[in-house]
Amino acid sequence: MSFRGRDVLTILDFERGELEELFEEADVIRKRGVSGRPLEGKIMALAFFEPSTRTRLSFETAMKRLGGEAIGFTSEEAISVAKGESYVDTVRMLDAYSDVIVIRHKYDGAAKLAAEIARNPVINAGDGKQHHPTQAMIDLYTIRTLLGGVDGLTVGVLGDLKYGRAASSFILGLTHYKPRLVYLISPPQLAARREVLDQARERGLPYKEVNSLEEVIGELDVLYVTRIQKERFPDPEEYEKVRGAYVVTLELLQRRAKRELKVLHPLPKVDEIEPRVDESRFASYYEQARLGVPLRQALLLKLLG
Amino acid sequence: MSFRGRDVLTILDFERGELEELFEEADVIRKRGVSGRPLEGKIMALAFFEPSTRTRLSFETAMKRLGGEAIGFTSEEAISVAKGESYVDTVRMLDAYSDVIVIRHKYDGAAKLAAEIARNPVINAGDGKQHHPTQAMIDLYTIRTLLGGVDGLTVGVLGDLKYGRAASSFILGLTHYKPRLVYLISPPQLAARREVLDQARERGLPYKEVNSLEEVIGELDVLYVTRIQKERFPDPEEYEKVRGAYVVTLELLQRRAKRELKVLHPLPKVDEIEPRVDESRFASYYEQARLGVPLRQALLLKLLG
Amino acid sequence: MSFRGRDVLTILDFERGELEELFEEADVIRKRGVSGRPLEGKIMALAFFEPSTRTRLSFETAMKRLGGEAIGFTSEEAISVAKGESYVDTVRMLDAYSDVIVIRHKYDGAAKLAAEIARNPVINAGDGKQHHPTQAMIDLYTIRTLLGGVDGLTVGVLGDLKYGRAASSFILGLTHYKPRLVYLISPPQLAARREVLDQARERGLPYKEVNSLEEVIGELDVLYVTRIQKERFPDPEEYEKVRGAYVVTLELLQRRAKRELKVLHPLPKVDEIEPRVDESRFASYYEQARLGVPLRQALLLKLLG
Numbered sequence: 006m007s008f009r010g011r012d013v014l015t016i017l018d019f020e021r022g023e024l025e026e027l028f029e030e031a032d033v034i035r036k037r038g039v040s041g042r043p044l045e046g047k048i049m050a051l052a053f054f055e056p057s058t059r060t061r062l063s064f065e066t067a068m069k070r071l072g073g074e075a076i077g078f079t080s081e082e083a084i085s086v087a088k089g090e091s092y093v094d095t096v097r098m099l100d101a102y103s104d105v106i107v108i109r110h111k112y113d114g115a116a117k118l119a120a121e122i123a124r125n126p127v128i129n130a131g132d133g134k135q136h137h138p139t140q141a142m143i144d145l146y147t148i149r150t151l152l153g154g155v156d157g158l159t160v161g162v163l164g165d166l167k168y169g170r171a172a173s174s175f176i177l178g179l180t181h182y183k184p185r186l187v188y189l190i191s192p193p194q195l196a197a198r199r200e201v202l203d204q205a206r207e208r209g210l211p212y213k214e215v216n217s218l219e220e221v222i223g224e225l226d227v228l229y230v231t232r233i234q235k236e237r238f239p240d241p242e243e244y245e246k247v248r249g250a251y252v253v254t255l256e257l258l259q260r261r262a263k264r265e266l267k268v269l270h271p272l273p274k275v276d277e278i279e280p281r282v283d284e285s286r287f288a289s290y291y292e293q294a295r296l297g298v299p300l301r302q303a304l305l306l307k308l309l310g
Numbered sequence: 006m007s008f009r010g011r012d013v014l015t016i017l018d019f020e021r022g023e024l025e026e027l028f029e030e031a032d033v034i035r036k037r038g039v040s041g042r043p044l045e046g047k048i049m050a051l052a053f054f055e056p057s058t059r060t061r062l063s064f065e066t067a068m069k070r071l072g073g074e075a076i077g078f079t080s081e082e083a084i085s086v087a088k089g090e091s092y093v094d095t096v097r098m099l100d101a102y103s104d105v106i107v108i109r110h111k112y113d114g115a116a117k118l119a120a121e122i123a124r125n126p127v128i129n130a131g132d133g134k135q136h137h138p139t140q141a142m143i144d145l146y147t148i149r150t151l152l153g154g155v156d157g158l159t160v161g162v163l164g165d166l167k168y169g170r171a172a173s174s175f176i177l178g179l180t181h182y183k184p185r186l187v188y189l190i191s192p193p194q195l196a197a198r199r200e201v202l203d204q205a206r207e208r209g210l211p212y213k214e215v216n217s218l219e220e221v222i223g224e225l226d227v228l229y230v231t232r233i234q235k236e237r238f239p240d241p242e243e244y245e246k247v248r249g250a251y252v253v254t255l256e257l258l259q260r261r262a263k264r265e266l267k268v269l270h271p272l273p274k275v276d277e278i279e280p281r282v283d284e285s286r287f288a289s290y291y292e293q294a295r296l297g298v299p300l301r302q303a304l305l306l307k308l309l310g
Numbered sequence: 006m007s008f009r010g011r012d013v014l015t016i017l018d019f020e021r022g023e024l025e026e027l028f029e030e031a032d033v034i035r036k037r038g039v040s041g042r043p044l045e046g047k048i049m050a051l052a053f054f055e056p057s058t059r060t061r062l063s064f065e066t067a068m069k070r071l072g073g074e075a076i077g078f079t080s081e082e083a084i085s086v087a088k089g090e091s092y093v094d095t096v097r098m099l100d101a102y103s104d105v106i107v108i109r110h111k112y113d114g115a116a117k118l119a120a121e122i123a124r125n126p127v128i129n130a131g132d133g134k135q136h137h138p139t140q141a142m143i144d145l146y147t148i149r150t151l152l153g154g155v156d157g158l159t160v161g162v163l164g165d166l167k168y169g170r171a172a173s174s175f176i177l178g179l180t181h182y183k184p185r186l187v188y189l190i191s192p193p194q195l196a197a198r199r200e201v202l203d204q205a206r207e208r209g210l211p212y213k214e215v216n217s218l219e220e221v222i223g224e225l226d227v228l229y230v231t232r233i234q235k236e237r238f239p240d241p242e243e244y245e246k247v248r249g250a251y252v253v254t255l256e257l258l259q260r261r262a263k264r265e266l267k268v269l270h271p272l273p274k275v276d277e278i279e280p281r282v283d284e285s286r287f288a289s290y291y292e293q294a295r296l297g298v299p300l301r302q303a304l305l306l307k308l309l310g
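Protein chains in written order, with this note's numbering: chain A, 6 to 310; chain B, 6 to 310; chain C, 6 to 310.
Here it is, written out as structure tokens:
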């Protein structure tokens, strides 16, 4: 199936072979650059109903480096955008003006609904609690770039696996590959959702749920960290109790982790990774952010080129 | 008179022949596209003192599809833009940086004042209660595209004709043509303003003021719908009483309207058109939004090209 | 020392010869325009943690007129940008996406810190109380354009010399030249900071602190006006008492100033210059704003070209 004109709604919309094709294109862009302005005259509409500066700027950069242009609104403007109009009408308006719509939305299914209405491709830049497919693509591409591939690796996914859409998308993304084992590391209250685990199991992903980073850190080749928001805990004391068990410290990494462990994070990070880790050989999240641009360039080229 | 360098302040600044010239250019752009990047290196300043995402994005898209660029601020930023400086100074600043200024403002005359100060052309993207000339151009261009022209048609203008600048501009725009009859359909509290009616009469527009859509719907070739804002009524109960008479339902259209009736709306719409109408053959407002881009491209090309 | 890849943190980072080289490039751009799109494919990140529409739009215009592109966020978005992440991480993110970062920040040293982290050049678009180097470049370039140079001139700097970063940067910028005398005109509470005066003295700038415009206006070739913010005075009555002595009126200029006096202002201005002055031969601040674009184009070309 060709990429041309497709919607990008979940990481499961794509086959492993398609992801590989995408990653090879991103490699070419990264190594040789882009020749000319292949998307000149094309317009990307950025519809950010929820704030996400990183994702927005990464998409904008990718589009502009290809000679394309961006229009749109940020969440600060989203309320006045609507002026009471229906979401469906907002999507129709953006579809009338642009060649591709990039949507960030609070609610599950918002991107899918937009895709049903719009004539042009819709890219889900994160909606609801589960899907953020381009982030998952970047995560997999980063592992491939740093470690040659995902197959055979032991991967930890740490943090809020219940509400964090980046974590869920990454877990679903891993099902395209054959890791040795995936540890899902979270407090019980924030364990991965049933529907995510069901799909992981059906698709043959070997995973194990654990409650402590310390017990598994030594086995990991990749540690994917996400934030635990205090607000997820009804009782703040409950949060303070578990918090420490999910903070990645340099001391822990130096004492227990494999020398070649790569720590990833979709960013922004707050205090779930100790700042001293940033300068260490483990920190791979800034490289991951950088790789987001060629990956998104590759995707846009394939959808619109 | 050439378009080059002109200000676009009201729809009456243009002759019928000039509008036709503009529409022909828009047709060419729509059918054959634009060759090259005719406005490369040109900068449009978007000065939105009042929110209007649709108009802003439509202008940005038009400019960028021509190879030009946009800078500016949204209403969310407008307060800090000023930092207490005079409107006149803000306009001078924008004029120093750009090649054309597009202004949206709450007050009547704001665009005219800007045009007096600025060296470069000023386009009124809606100011005060009466003028939104590019919207009127789009409305007339849509009718021409869908029905071949305005002359001889029976046209209804529905909604808040007192405070709605799109409706006033459309009525003034119609005076360039020879419709058979124009029905101005509104609650008495929101009837068209004296100065608009005076100009309509002086310019020979045959119009009739009525209070109910139902009594005239069967005669119409075009129904231009605008929103009635609850806030316009001192007494909310008053609003609830009249409201129903101005909602366009599919049932009414199917029962009474001509088969070929085109329903227009400047968008955004809230509840003045029943959502079921959107999918019907009557709904022409999405096409109208789409036609806004080539129309604005044509205008920018003529002003700056 | 070449400009290529350098950070622009303070006006003292540059030698007089380098400034002259920059001004000559700006002259070429102003007189002959730019050929082609020398910065095509380059991305500027605008990181405005504090509002400054003028500076932001001026940089954006400069970049876009060179064929480059801009991404970024305004102060309205800055809070949600952070989502609690460290400033250092925000800078790293922008550095991952762009080729140059333009920063406006409330705190002294914010741009310097960014420059230490970022691989790409950082331009200080105003941080803290002292530094706004591109504004100082524009100010000096304006004097050079209007009066042929700074050497030998008598210059007044009026207003809040304590907290106003444009005034401090201008004073520091003057130390690259040999003016006859610089009058620092302010209420005692808002006199220039010790560290600025120390540098001025060390670098041989002949200056004199005075409290009244009227007593020196007759000697001036250039009067650089900045705003006095009421909020700087603990007691509002104190403010009202001194205020009048620092307002530039047309009457005062006509009665006492040299015919060729040039009044500059970094803009926005509020009521520190009487509006009647705007139309007079003294007003040079709009020209100064206009000259900002070619000056910033020249700087960007030299840093990135």
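Glycine is no exception: its CB is placed at the ideal position from the N, C-alpha and C atoms.
- Runs of the beta strand (DSSP E) lying entirely within the segment 87-158 of chain C and spanning at least 3 residues, in chain order: 105-110, 127-132.
- The beta carbons of Ser-285/C and Leu-258/C sit closer together than 8 angstroms.
- Beta bridge pairing from DSSP links Val-268/C with Leu-228/C, Ala-288/C.
- Minimum Cα-Cα distance from Ala-196/B among the listed residues Leu-186/B, Phe-238/B, Arg-185/B corresponds to Phe-238/B.
- When beta bridges are read from the DSSP output, Val-253/C appears opposite Ile-278/C.
- Of all residues in the segment 251-285 of chain B, only Leu-272, Pro-273, Lys-274, Val-275, Asp-276, Pro-280, Asp-283 come within less than 9 angstroms of chain A when Cβ atoms are compared, listed by chain position.
- Nearest C-alpha to Tyr-188/A among Leu-166/A, Arg-199/A, Pro-273/A: Leu-166/A.
- Per DSSP, the beta-bridge partners of Tyr-188/B are Gly-161/B, Lys-213/B.
- Among the residues of chain C, those whose CB is under 7 angstroms from the CB of Glu-81/A are Glu-81, Glu-82, following chain order.
- Between the segment 35-47 of chain A and the segment 60-74 of chain A, the count of C-beta pairs closer than 8 angstroms reaches three or more; the two stretches touch.
- Segment contact: the segment 10-28 of chain A against the segment 140-151 of chain A, three or more CB-CB distances shorter than 8 angstroms; contact assigned.
- A buried status is given to Glu-90/A, since no fewer than 16 other beta-carbon atoms sit within 10 Å of its beta-carbon.
- Counted as a single uninterrupted DSSP element, the alpha helix (DSSP H) harbouring Met-68/C occupies residues 58-70.
- Against chain B, a Cβ distance below 8 angstroms from Ser-63/C picks out Tyr-102.
- By the CB criterion at 8 angstroms, Ala-205/B and Ile-233/B fall outside the cutoff.
- In the DSSP assignment, Ala-50/C forms a beta bridge with Ile-76/C, Ile-106/C.
- The C-alpha of Thr-231/B lies about 46 angstroms from the C-alpha of Ala-288/C.
- Minimum Cα-Cα distance from Tyr-112/B among the listed residues Arg-281/B, Val-298/B, Phe-54/B, Leu-151/B corresponds to Phe-54/B.
- Note: Val-13/A is bridge-paired with Ile-128/A in the DSSP secondary-structure output.
- Annotation: Phe-19/A is outside any alpha helix (DSSP H) and is labelled neither H nor E by DSSP.
- In the DSSP assignment, Ile-176/A falls within the alpha helix (DSSP H) that extends over 170-179.
- Neighbours of Phe-54/C across chain A, judged by C-beta separation under 7 angstroms, do not exist; the nearest C-beta is about 12 angstroms away.
- At a beta-carbon threshold of 7 angstroms, the residues of chain A lying near Phe-78/C are Thr-58, ordered along the chain.
- Contact between Ala-119/C and Val-96/C is confirmed by a C-beta separation of about 5 angstroms, below the 8 angstroms threshold.
- Looking only at Val-252/C, Ile-190/C, Tyr-168/C, Gly-209/C, the smallest Cα-Cα distance to Arg-198/C is reached by Tyr-168/C.
- If the five residues before and after Val-298/C are omitted, its C-beta is found closer than 8 angstroms to the C-beta atoms of Ser-63, Thr-66, Ala-67, Arg-70, all from its own chain and listed in chain order.
- Listed by position along chain C, the residues whose Cβ is nearer than 8 angstroms to that of Thr-66/A are Ile-48, Ile-76, Tyr-102, Ser-103.
- Counting of Cβ neighbours within 10 angstroms places Gly-178/A among the buried residues, the total reaching 16 or more.
- Leu-272/B is the residue among Leu-308/B, Gln-140/B, Leu-272/B, Gly-38/B whose C-alpha sits nearest the C-alpha of Asp-94/A.
- Counting other Cβ atoms within 10 Å of its Cβ, Asp-100/A reaches 16 or more and is therefore classed as buried.
- Glu-121/C does not reach chain A, its nearest Cβ partner there being about 13 angstroms away, counting only Cβ pairs nearer than 9 angstroms.
- Comparing alpha-carbon positions, the option among Ala-50/A, Gly-249/A, Arg-185/A, Thr-159/A lying closest to Val-268/A turns out to be Thr-159/A.
- Interface criterion not met: the Cβ of Gly-310/C is under 8 angstroms from no Cβ in chain A.
- In this structure, Val-107/A places its C-beta atom within 8 angstroms of the C-beta atom of Ala-52/A.
- Between the C-alpha atoms of Glu-220/A and Leu-186/A there is a straight-line separation of about 14 angstroms.
- Per the coordinates, the alpha-carbon of Glu-256/A lies some 13 angstroms from the alpha-carbon of Lys-263/A.
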